[in-house]
Amino acid sequence: MPRNIYDEDHEAFRSSAREFVERTLAPRAEEMIRDHVIARDIWEEAGKQGFFGLCIPEEYGGAGIEDYRFNAIFAEEISKFTAAVASCFGIHSDVTAPYIVSLGTEEQKQKYLPDVAAGKKILAIGMTEPSGGSDLANLKSTAVKADDGSGDWILNGSKTFITNGHQCDIAVVAARTNPSKGAKGISLFIVEAGTEGFSKGNKLDKVGQVESDTSELFFDNVRLPADALLGPEDMGFIAMMKHLPQERIGNAIANIANAKQILAETIQYSKDRKAFGQSIGSFQHNTFKIAEMVTKVEVTEAYIDDCVAAHAEGKLSAVDAAKAKWWAAQVQCDVLDECVQLHGGYGFMNEYRVARAWRDARVHKIWAGSNEIMKMIIGRDLGL
Numbered sequence: 000m001p002r003n004i005y006d007e008d009h010e011a012f013r014s015s016a017r018e019f020v021e022r023t024l025a026p027r028a029e030e031m032i033r034d035h036v037i038a039r040d041i042w043e044e045a046g047k048q049g050f051f052g053l054c055i056p057e058e059y060g061g062a063g064i065e066d067y068r069f070n071a072i073f074a075e076e077i078s079k080f081t082a083a084v085a086s087c088f089g090i091h092s093d094v095t096a097p098y099i100v101s102l103g104t105e106e107q108k109q110k111y112l113p114d115v116a117a118g119k120k121i122l123a124i125g126m127t128e129p130s131g132g133s134d135l136a137n138l139k140s141t142a143v144k145a146d147d148g149s150g151d152w153i154l155n156g157s158k159t160f161i162t163n164g165h166q167c168d169i170a171v172v173a174a175r176t177n178p179s180k181g182a183k184g185i186s187l188f189i190v191e192a193g194t195e196g197f198s199k200g201n202k203l204d205k206v207g208q209v210e211s212d213t214s215e216l217f218f219d220n221v222r223l224p225a226d227a228l229l230g231p232e233d234m235g236f237i238a239m240m241k242h243l244p245q246e247r248i249g250n251a252i253a254n255i256a257n258a259k260q261i262l263a264e265t266i267q268y269s270k271d272r273k274a275f276g277q278s279i280g281s282f283q284h285n286t287f288k289i290a291e292m293v294t295k296v297e298v299t300e301a302y303i304d305d306c307v308a309a310h311a312e313g314k315l316s317a318v319d320a321a322k323a324k325w326w327a328a329q330v331q332c333d334v335l336d337e338c339v340q341l342h343g344g345y346g347f348m349n350e351y352r353v354a355r356a357w358r359d360a361r362v363h364k365i366w367a368g369s370n371e372i373m374k375m376i377i378g379r380d381l382g383l
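Numbering (numbering that gives the first Met the number 0), first residue to last: 0 to 383.
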């Protein structure tokens with residue numbers, strides 16, 4: 000079935016994104032895996048090509064494009080290459096930057112957004128904590144007003160599993176500013192690397208997505224000026240709930256694009272690989288498996304395309320984003336597991352893309368809100 004949500008301008012942009020992958024990312028794949036990081040010059044090249052400034056207004060160095068379909072195309076093309084780079088780039092430009100665009104003061108936008116768009120300053124977002132996981136309403140990090148009347152804030156606490164955490168220049172951090180108000184007492188702050196008391200842990204030793212630098216962030220009596228507050232005081236949780244659907248649909252887009260690409264490579268492998276005098280794909284069991292996977296991926300892609308179109312019009316609900324996120328993550332893991340099986344022993348070798356993709360995908364059922372949390376959101380909407 001044809002995909003009907005993209006026009007000629009979108010496809011021209013897709014060609015640019017694909018060229019960036021082939022020219023800049025692909026030749027550096029082994030380097031990124033070896034070093035467990037995306038080199039700074041790669042970030043800056045992506046910035047030069049305009050990929051990080053899609054949602055950023057032109058006056059702050061971006062493209063000022065309000066059509067989310069361009070974001071979706073970039074996520075798809077990067078995800079076909081590797082889920083890890085897609086995660087890092089997505090957190091930077093598709094998840095964290097919109098907070099500054101929508102909540103930032105004029106001074107904050109002028110100060111941070113040009114370098115964000117250019118890839119010169121890397122963003123991270125500090126939500127998840129060691130004790131809380133997906134329970135954002137009960138985070139323990141605190142920010143209190145300094146008692147000297149300066150209006151400054153004193154930030155204490157820690158965050159974990161932070162994508163881009165090790166090399167981030169700017170972190171948007173959620174902290175409790177009014178303990179008596181529960182979820183309604185959380186605020187967001189912009190914290191710059193190098194601020195006294197702000198430190199980063201070592202890169203976490205993850206099972207997959209080793210190209211992405213993921214670390215803990217620590218805040219020990221970090222003194223922040225009053226203008227580090229991002230958005231209204233005590234409105235951080237509401238802001239996070241408003242922005243999380245975009246993070247979740249972004250995850251869904253990336254997940255299914257990655258699964259579709261690896262499946263295409265597996266189908267070709269199944270045609271080329273011979274056993275018992277015939278291609279392994281021609282065995283009825285394998286043919287049925289491949290037919291099931293192709294159908295599942297295409298049906299999922301159709302639903303996600305509808306969600307992308309809805310989001311581009313500002314109509315995507317948190318519930319539909321939750322459906323897309325958990326389902327795409329599940330489909331991705333199921334499909335890649337079958338792809339590994341079709342590769343046989345080679346599917347368990349790190350030199351094969353299918354092995355790395357399978358390993359990288361598992362976290363997608365956990366982050367951006369676990370699949371179980373997504374099902375709770377859906378269930379509550381049904382009155383259960």
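Don't be surprised by glycine CBs; every beta carbon is placed ideally from N, CA and C. Given the structure is predicted, the values throughout are model-derived calculations rather than measurements.
Secondary structure remark: continuous alpha helix (DSSP H) runs of at least 4 residues inside the region 298–382, in chain order: 317–342, 352–360 and 370–380.
Of all alpha-carbon atoms in G276, S278, P244 and A311, the one lying nearest the alpha-carbon of I377 is that of P244. When DSSP states are grouped into helix, strand and coil, M0 belongs to the coil group. For K79, the enclosing alpha helix (DSSP H) stretches over residues Y67 to F80. Closest in alpha carbon position to D147, among P224, K120 and N155, is P224. A distance below 7 Å between beta-carbons, with the five flanking residues on each side excluded, links N370 to the following residues of its chain, in chain order: W325, A328, Q329 and K364. Shown here, L138 sits in coil according to DSSP, grouped into three states, outside any helix or strand.
The shortest C-alpha to C-alpha distance from R68 to any of V84, I4 and L102 is the one to I4. Going by DSSP, N155 is part of the beta strand (DSSP E) stretching over W152 to T162.
Secondary structure at G125: strand, using DSSP grouped into helix, strand and coil. With contacts defined as CB atoms closer than 8 Å, A258 and L335 qualify as a contacting pair.
Under the three-state reduction of DSSP output, S149 falls in the coil class, being neither helix nor strand. A distance below 8 Å separates the beta carbons of N155 and S140. When DSSP states are grouped into helix, strand and coil, E232 belongs to the coil group.
By the C-beta criterion, the region 42–50 is judged not to be in contact with the region 168–175, since fewer than 3 inter-stretch pairs fall below 8 Å. With at least 16 other beta carbons inside 10 angstroms of its own, G125 counts as buried. DSSP places I99 in the helix class (H, G or I) of the three-state scheme.
Judged by DSSP in its simplified three-state form, K47 adopts helix. Looking at Q208, V362 and G346, the one whose alpha-carbon comes closest to that of A28 is Q208. Per the DSSP secondary-structure output, L223 pairs in a beta bridge with W152.
Inclusion of T265 and C338 in the CB contact set at 8 Å is warranted, their separation being smaller than that value. Note that the region 270–287 does not touch the region 308–319; fewer than 3 beta-carbon pairs, one per stretch, sit closer than 8 Å. Distance from the CA atom of D6 to the CA atom of D66, rounded to whole angstroms, is 12 Å. R13 is positioned such that its CB atom lies closer than 8 Å to that of E76. If you look at F282, you'll find it isn't in any alpha helix (DSSP H); DSSP assigns it neither H nor E. Burial is judged here by how many other beta carbons sit within 10 angstroms of a residue's own beta carbon; H342 has at least 16 and is buried. Annotation: F275 is outside any alpha helix (DSSP H) and is labelled neither H nor E by DSSP.
With at least 16 other beta carbons inside 10 angstroms of its own, K295 counts as buried. DSSP places T213 within a strand segment (E or B) once states are collapsed to three.
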